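Only one structure is covered here, and it is reproduced in the block below.
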Amino acid sequence: MTMKIAQAAHERGVPCFCADLTVNPILVEWNKAIACRLAPFPGLGLGLLETNGHQNYKNWETMVSYHPYPEAGWRLTQEGVFNLDKDYYAKSGGIFAPSPHYQEMLRF
């Protein structure tokens, strides 16, 4: 549905951005994967993503430790910008990589 909405907006010249709705660190990567493929936001020249989980989750740093690549440079902002390099794209931000924490949660 997200991509359908983005496509419809693009066809009509409506600028889009991603809002994270206070998601966990791995889902921030999912939203980055969408935002980096949107048309550049007017006046900024890049995809736009609003993210605030780090401000709203008490245990944010613990949740960061569940990320498959918690130390990756592209996971953090620099002067308000996520710098998505070749490593980010090669690893898809970690969204398809296993997370031992979440794998253990789903063991039966």
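Each residue of the sequence shown is one higher than the one before, counting from 0 in numbering that gives the first Met the number 0.
Glycine residues also receive a C-beta, built at the ideal position from the N, C-alpha and C atoms.
Source: prediction; values computed, not measured.
(1) For the alpha helix (DSSP H) that K57 lies in, which residues bound it at each end?
(2) Sort K3, W73, N55, Y68 by Cα distance to L83 and report the nearest one.
(3) Given that a residue counts as buried once 16 or more other Cβ atoms are within 10 Å of its Cβ, and exposed if not, what is I4?
(4) If contacts are defined as beta-carbon pairs under 8 Å, then T1 and N55 qualify, I think. What distance do you get, rounded to the angstrom?
(5) Under the assumption that F81 contacts L47 (Cβ atoms under 8 Å), give the Cβ distance between them as a whole number of angstroms.
(6) Assign L48 to one of three DSSP states: helix, strand, or coil.
(7) Classify H9: buried if its beta carbon has 16 or more other beta carbons within 10 angstroms, exposed otherwise.
(8) Between C35, L26, L105, S91, which lies nearest to W59 when the distance is taken from Cα to Cα?
Quick look at the numbers:
(1) Per DSSP, K57 belongs to no alpha helix (DSSP H) and is neither H nor E.
(2) W73
(3) exposed
(4) Contact flag wrong, Cβ pair sits at about 21 Å.
(5) The Cβ separation is near 11 Å, so there is no contact.
(6) strand
(7) exposed
(8) L26
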